[in-house]
Amino acid sequence: GFQNLMRHRIRNILLVCSLYDLYIFEEDGRLYELIRNEYQTLRLSHSPEITRVSNGKEALNILREENIFDLVITTQHVEDMPVTRLAETIREMKLEVPIILLAFDNRELVELISGRNVNLFERIFVWMGDFRIFLGILKYLEDHLNVDHDTRIVGVQSIILIEDDIKFYSKFLPVLYQEILYQSRNLISEGINLSHKYLRMRARPKILHCIDYEEAWNYYDKYEENILGIIADINFSYHHKLDTAAGIKFAKAVRKRNQDISILLQSNDPENEKAAKNLGCAFLLKDSPNMQQKLRQFTINHFGFGEFIFRTLELPDVGRATDLESLEEQIKIVPDESIVYHAERNHFSNWLKARTEFWLAHKLRPRKVTDFNSVAELRQDLLSSLREYRKFRKQGIIWEFKKESYDPETDLARIGGGSLGGKARGLSFVNILIHNYQIQNQFENIRIHVPPGVILGTDVFDDFLKENDLLDFAYGANDDAVITNKFLEAKRFPEEILADLAAFLDLVTVPLAVRSSSLLEDSQYHPFAGVYQTYMIANDHENPLIRLNELLNAIKRVYASAFYHNAKEYIKMTTYRIQDEKMAVIIQKLVGTKFDNRFYPTFSGVA
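Just so you know, we're using the working numbering here: the sequence shown kicks off at 430 and counts up by one.
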């Protein structure tokens, strides 16, 4: 699963540089703060810690004494020894730590590159005045460290970048990472719940930076089925010699094996655009003033980060999809020619891979148009696969309620933020066990499942009390009837929550149980069984507004029960205070049988 991805992370960096070099890096603020803020902006977890030393002796001592560093970044200006000597000594110490040289564009760098010591460093970067180069360095290393495992486990996609110009890749790599991370972050809004969204960020496409033909081809040959696209210079080393057409040769070799893969060729020479276009490749002029804007457009259009635009050979736009739900809706109605056009080119699976929907992408990829008797059969297979996958990925998970994708027969979803409370947490855990261990169909003629419904998070409870100024009253009142009436009279309820509840009732027209799920309920040593209230509502009135009002009244009664006399007295006997308690609410379909105009629950009781 996604939780097993990105096992190798750069968490501790040893920075070896002079005080003046550090001043240059930190011109706009403290380096650690700048990096941390960038990580937060891009929703990346665990920004690395940085330890700085100014000379080689300090660096070697701390490396010997503290085996905590995942990366050494050094400038050329090491006070007491040449930087090459520092790198050699670290290698002699048999420390498996990558060493990056972050240099300045000067004669010293030219001399170092022309010598034989380049291989002492994992990569050489040039400081271009932007602290984001540190982000590029860290992500470059993490991607190379994790690509084999992550590709093998879930099929994470990779983008091959071929560029040997140190100055250019020092500027371009941070820009490319920013774009990929930005686009991936935009896509996490399609996640099932918050945890699922952030886990999906671990599966974002990796960037495999290569400096020659052989390195790039090794990656392509190894991960061919998982290469999302290629961005390549045209002039780089081929068979250990500089070749002014190496990028063209690489693109031709790839095209022989995959006609549909997206390739962007880059060059300082506009004359190369024609050769790129002849191969069906996009072209970007390296010194273009709007390079980043064009790069962004390319990643959106060709790497699957943007909308899925349905086309035909004659028409450039016959429909658009932004997520799985809208993809399913469009597949139902677009012309047959569009279905065939995209299926023949693997566009569906490529778009899904960019969204980290690997299971579905791998299911669709091997299928060919010729495998089906008709386009109608192909269309139906696509729709069935989408429905099956959407149902599969929600199994055992409490996801955020959306009317468009909610299945009232199976789904347990949440409305509002905050905690789900103890009882809902227990139901969620049982739900996971049922699906993970395939318990639901283990007994003949019996289907074991958690009844579907929605859960109001504790933030809704907090907002309700605040908007109606009920908190002080609730803490001080002792008469249960007075508390109930006061809560029922409260007029304000969070508007977006009302909209979601109304949408839920549009889908569900059977009797409902409205159940308490407080923070403390069903805890290990204080079960709170029978302390709070549960209400049942018929939910069968022809007027939807009356049904909504009945549901709101039941929710308010559950909220009120958090402050009843018995509840307050019970809490006094525990180590908690009434102020520690918050109430979530479970709204579940009742399981039972209808006879005439009455509904009989199958069974009920207090455990």
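Ideal Cβ positions, reconstructed from N, Cα and C, are used throughout, including at glycine.
Asked: Evaluate Q408 with the Cβ neighbour count: other Cβ atoms within 10 Å of its Cβ, from every protein chain shown; 16 or more gives buried, anything less gives exposed.; Found: The structure shown does not extend to residue 408, since the chain is modelled only from 430 through 1036, so no value can be given for it.
Asked: Taking the DSSP output, what are the residues bridged to W828?; Found: A842
Asked: Please list the segments of the beta strand (DSSP E) lying wholly inside the region 888–914, counting only runs of 3 or more residues, in order along the chain.; Found: none
Asked: Secondary structure at V879, three-state DSSP: helix, strand or coil?; Found: coil
Asked: Alpha carbon to alpha carbon, how far is P699 from L714?; Found: 7 Å
Asked: Using the three-state DSSP reduction, which class does Y569 fall into: helix, strand or coil?; Found: helix
Asked: What is the DSSP secondary structure of V501, counted as helix, strand or coil?; Found: strand
Asked: What's the call for R629, buried or exposed, on a 16-neighbour Cβ count within 10 Å?; Found: buried
Asked: Terminal residues of the continuous alpha helix (DSSP H) containing F777?; Found: 776–783
Asked: CA-CA distance, G709 and I497?; Found: 47 Å
Asked: Closest to K823 by CA distance: which of E838, R774, D810 is it?; Found: E838
Asked: Can you name the start and end residues of the alpha helix (DSSP H) that I659 belongs to?; Found: Counting along the chain, I659 falls outside any alpha helix (DSSP H), though it belongs to the beta strand (DSSP E) covering 656–662.
Asked: Give me the Cβ distance between S476 and I464, rounded to the nearest whole Å; I'm assuming they're in contact under 8 Å.; Found: 6 Å
Asked: What is the residue span of the beta strand (DSSP E) that T1022 lies within?; Found: 1021–1024
Asked: Assuming the contact rule is C-beta atoms closer than 8 Å, R843 and G886 should be a hit. Round their C-beta distance to whole Å, please.; Found: 6 Å
Asked: Tell me C639's beta-bridge partners as DSSP assigns them.; Found: I591
Asked: Please go through the region 487–544 and give each complete beta strand (DSSP E) segment of 3 or more residues, from N-terminal end onward.; Found: 500–503, 528–532
Asked: Going by beta carbon distance, what residues of the same chain come within less than 6 Å of E592, once the five residues before and after it are set aside?; Found: Y598, D662
Asked: What's the C-alpha gap between D499 and L605?; Found: 23 Å
Asked: If you draw a straight line from the C-alpha of I692 to the C-alpha of E833, how long is it?; Found: 36 Å
Asked: Nearest-angstrom Cα distance between Q695 and C446?; Found: 33 Å
Asked: What would DSSP say about I738, mapped onto helix, strand or coil?; Found: strand
Asked: List the endpoints of the continuous alpha helix (DSSP H) containing E998.; Found: 994–1001
Asked: Going by the DSSP bridge assignment, what does Y667 pair with across the sheet?; Found: K670
Asked: Relative to the alpha-carbon of F411, which residue among F454, L862, Y1029, A991 has its alpha-carbon at the smallest distance?; Found: This structure cannot speak to residue 411, because the chain is shown only from 430 to 1036.
Asked: Measuring straight from C-alpha to C-alpha, what distance separates K1023 and P745?; Found: 53 Å
Asked: Is it buried or exposed for R633, if we count other Cβ within 10 angstroms and need 16 for buried?; Found: buried
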